[in-house]
Amino acid sequence: MHKKEIRNMGFFKRIASVLLAAALLAAPGFAYADGAPDISSRGAVVIEQTSGKVLWGKNAHERLPMASTTKIMTALVAIENSSLDEIVTVPSEAYGTEGSSMYLALGEKVSIKDLLYGLMLSSGNDAAVAIAVHVGKSVEGFANMMNERARGLGLVNTHFVTPNGLHDDEHYTTAYELALIAREAMNNETFRKIVSTVYYSTETGNSVRYLKNKNKLLWQYEGATGIKTGYTKAAGKCLVFSADKGGMETVGVVLNSGNIFVDSANLLNHAHENYQMQTFVSRGDVLARVRVSGSGKKLLALTVNEDIILPVCSYQDSRYETRVLLDTGVSAPIYTGDVLGYVELYDGTMLICRAELTAAEDAPKYELADYLDILFNIW
Numbered sequence: 064m065h066k067k068e069i070r071n072m073g074f075f076k077r078i079a080s081v082l083l084a085a086a087l088l089a090a091p092g093f094a095y096a097d098g099a100p101d102i103s104s105r106g107a108v109v110i111e112q113t114s115g116k117v118l119w120g121k122n123a124h125e126r127l128p129m130a131s132t133t134k135i136m137t138a139l140v141a142i143e144n145s146s147l148d149e150i151v152t153v154p155s156e157a158y159g160t161e162g163s164s165m166y167l168a169l170g171e172k173v174s175i176k177d178l179l180y181g182l183m184l185s186s187g188n189d190a191a192v193a194i195a196v197h198v199g200k201s202v203e204g205f206a207n208m209m210n211e212r213a214r215g216l217g218l219v220n221t222h223f224v225t226p227n228g229l230h231d232d233e234h235y236t237t238a239y240e241l242a243l244i245a246r247e248a249m250n251n252e253t254f255r256k257i258v259s260t261v262y263y264s265t266e267t268g269n270s271v272r273y274l275k276n277k278n279k280l281l282w283q284y285e286g287a288t289g290i291k292t293g294y295t296k297a298a299g300k301c302l303v304f305s306a307d308k309g310g311m312e313t314v315g316v317v318l319n320s321g322n323i324f325v326d327s328a329n330l331l332n333h334a335h336e337n338y339q340m341q342t343f344v345s346r347g348d349v350l351a352r353v354r355v356s357g358s359g360k361k362l363l364a365l366t367v368n369e370d371i372i373l374p375v376c377s378y379q380d381s382r383y384e385t386r387v388l389l390d391t392g393v394s395a396p397i398y399t400g401d402v403l404g405y406v407e408l409y410d411g412t413m414l415i416c417r418a419e420l421t422a423a424e425d426a427p428k429y430e431l432a433d434y435l436d437i438l439f440n441i442w
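This is the structure:
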């Protein structure tokens, strides 16, 4: 079956789009909020976790070095391509790596799990290299995996050279794209658990290591859930942060900041004071109807399969566009739950969310007796 946009289709399809659009236009908008606190960071952004909607930004698309916040992607790629109980033999490439460290011994045997905690809590540069060599067979091979993952997210201003963020002119991202990486990582429960941990004791290796998270927001800011600090001379102080307050989870980034924790707290306060989550569509709402051939059920109702809940600003109005895309040439049999279309919500040109439209009931195929009955009625 062929999909096309709703505005090119029949009456029922068009009216569904108009009604939904009207409901959205009646709500407060999502535009960048003005009056944000003055922050010292060169680049910054804060987004809402579920939609990726930008709530505020400053130089959000400028390419900048990101220091150890690189390790967000390192951890994500490692989690997705290894098991937590795998044992890593610390290679020579990792031993004695400069900067922040877990102080791994050459040849020491440490689990991926312990390395990940050392990576994200203690910011171990040696842990990053040990993971990279184990998972990617080399630092270069692992960097290729990181870049492939970034491309899969649609990122165009991000490039990785190292797994730990030690400076390289070709190692960069933007505040916005780093927030998107963090948003993706926070959808992984293992990653989320690690970055929200304040204290951790290792279980493998030559000795027990007692780790404390360098992200002070975890105990200084109510609702903080992560994520990662960073610093090099070239990048300055950096922080990727997140918090869940009042039913809204936000993810933010400050790059080259004079005070990462003050800047981050101010951005979180601004976001949570000026935005709130609003339900636009509830699961089970009928958003469209399609014509079905070969069935006694001529018009079939389609319901959205999930809630659409998005952040709205308390003091700005804005216009949004919804697009409903439906299957054409729908033929029986159709069963309850079959996916026959999608509803999409756009903020300008940016796709904010997409939800499936499914059949609300069965549309059984005509049997021979049905056709005979039709012919009898005609006669």
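Under the numbering used here, the final residue of the sequence shown carries the number 442; numbering is consecutive throughout.
Glycine residues also receive a C-beta, built at the ideal position from the N, C-alpha and C atoms.
What is the DSSP secondary structure of G92, reduced to helix, strand or coil?
Any reading at G92 must be qualified, since the residue scores a pLDDT of 31, below 50, and its modelled position is unreliable; no value is offered.
With distances taken between CB atoms, is the gap from M129 to R212 smaller than 8 Å?
no
Go ahead and label V192 buried or exposed: buried means 16 or more other beta carbons lie within 10 angstroms of its beta carbon, across all protein chains shown.
buried
Do you know offhand how far N144's Cα is from S201's?
14 Å
Return the chain-ordered list of same chain residues with a C-beta closer than 8 Å to the C-beta of E424, the five sequence neighbours on each side being excluded.
K360, L363, A364, T399
Selected residue, minimal CA-CA separation from A287, among Y294, H335, N269, A298
H335
Would you say A206 and F223 are within 8 Å of each other, going by their C-beta atoms?
yes
Between I323, F324, E369, which has its C-alpha nearest F343's C-alpha?
E369
Could you tell me whether the Cβ atoms of L274 and S114 are closer together than 8 Å?
no
By DSSP, does D425 sit in helix, in strand, or in coil?
coil
Leaving aside the five residues before and after E266 along the sequence, list all residues of the same chain whose C-beta is less than 8 Å from its C-beta, in chain order.
S174, K176, D177
Quick test of your reading: G447 and S131, contact by CB under 8 Å. State the CB separation rounded to the nearest angstrom.
Residue 447 falls outside the range modelled here, since the chain spans only 64 to 442, and no answer is possible.
Close Cβ partners of V261 (< 6 Å) along its chain, the five nearest in sequence each way excluded
N276, L281
Can you check whether the CB of A245 is closer than 8 Å to the CB of I194?
no
For A298, the nearest candidate out of N319, E312, T133 (CA to CA):
N319
Put I323 into one of helix, strand or coil per three-state DSSP.
helix
Looking at A190: is its Cβ nearer than 8 Å to the Cβ of L167?
yes
Cut-off 7 Å between Cβ atoms - residues of its own chain near L243, not counting five sequence neighbours on either side:
G115, L216, L218
N-terminal and C-terminal residue of the beta strand (DSSP E) that M340 is part of:
338-344
Using C-beta distances below 6 Å, list every residue in its chain close to K121, excluding the 5 sequence neighbours before and after it, in chain order.
A107
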